[in-house]
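Numbering (the working numbering), first residue to last: 106 to 223.
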């Protein structure tokens with residue numbers, strides 16, 4: 106997965122942004138399988154780099170020049186909103202105690218911003 110989308114030079118379609126969110130959600134599905142199979146430690150170890158990437162994307166898109174471009178496109182703004190929710194509504198690192206909640210939140214926020222995601 107590419108680390109960042111280039112909202113300055115490209116306008117992404119809704120379908121492309123939905124696909125990007127779904128890529129992230131495939132990681133949450135795999136982490137959920139690990140959680141139920143091997144336990145929370147394995148799931149946390151698997152999902153932490155994904156959480157870091159989401160946090161990095163959110164921080165990158167929060168910059169003023171990026172915000173100007175994102176605000177011009179409703180779908181890009183939805184993508185940014187999803188990143189913001191996933192990044193900021195879980196305080197601190199993903200742990201064995203909050204992994205289940207974090208994975209649920211990733212999915213719930215995705216459906217809020219992109220209802221077509223099942």
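The beta carbon of each residue, even a glycine, is placed where N, CA and C say it ideally should be.
According to the DSSP assignment, residue 154 belongs to the alpha helix (DSSP H) that extends over 145-166.
Residue 211 has its alpha-carbon roughly 22 angstroms from the corresponding atom of residue 112. Excluding the 5 residues flanking it on each side, residue 163 has same chain C-beta neighbours closer than 7 angstroms at 188, 189, 192, in chain order. For residue 194, the closest C-alpha among the options 183, 206, 184, 202 is that of 206. When secondary structure is reduced to three states using DSSP, residue 179 falls in the helix class. When rounded, the separation of the alpha-carbon atoms in residue 109 and residue 131 is 18 angstroms. Per the Cβ contact rule, the stretch 216-223 is in contact with the stretch 114-131 (3 or more Cβ pairs under 8 angstroms). Take residue 159, set aside five residues on each side of it, and the residues of its chain with a beta-carbon closer than 8 angstroms to its own are 129, 188, 191, 192, in chain order. For residue 185, the CB contacts under 6 angstroms within the same chain, skipping 5 residues up- and downstream, are 166, 175 in chain order.
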